[in-house]
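Residue numbers (the numbering used here): 645 to 742.
Ideal Cβ positions, reconstructed from N, Cα and C, are used throughout, including at glycine.
Predicted, not measured: the structure shown is a model, and the values here were computed from it.
Below you'll find the structure, written out as structure tokens, and then a few comments.
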Amino acid sequence: MNNINKLNTLLNVINQLFAVGDYGVNHIEFLFIGVRNLLEEDEVVRKIFFDELMKSINESLSSDHDLVADIDSDLLCYLAHTTRWPEFYEFVKRRQEI
């Protein structure tokens with residue numbers, strides 16, 4: 645299984661757990677950690693993740709990559725808070741320009 649598939653699996657499981665039950669972030673934080681670890685380990689997947697995030701914000705329907713899962717807002721907050729990656733600063737800057 646490649647890292648894009650792993651990321652899609654994690655994102656889908658996060659979304660499914662939020663959809664089917666009364667799970668709070670504290671119940672699935674281990675999945676958030678899995679996403680963070682994967683994005684830290686693979687710069688290419690991290691770039692794809694942020695590219696897809698920006699595309700979803702821009703309401704673009706076309707995609708050059710296979711990232712299909714929706715990206716949960718709680719996951720984004722967790723990643724921004726725990727990583728302080730420069731991509732989040734760039735994302736916020738570009739988002740404010742829209």
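Item	Value
For a test of the three-state rule: what should DSSP assign to residue 728, helix, strand or coil?	coil
Is it buried or exposed, residue 674, if we count other Cβ atoms within 10 angstroms and call 16 or more buried?	exposed
Do residue 659 and residue 686 count as a contact pair if the criterion is CB distance below 7 Å?	no
Taking Cβ to Cβ, would you say residue 650 is nearer than 7 Å to residue 682?	yes
Note down the Cα distance separating residue 714 from residue 732, rounded to an integer number of angstroms.	17 Å
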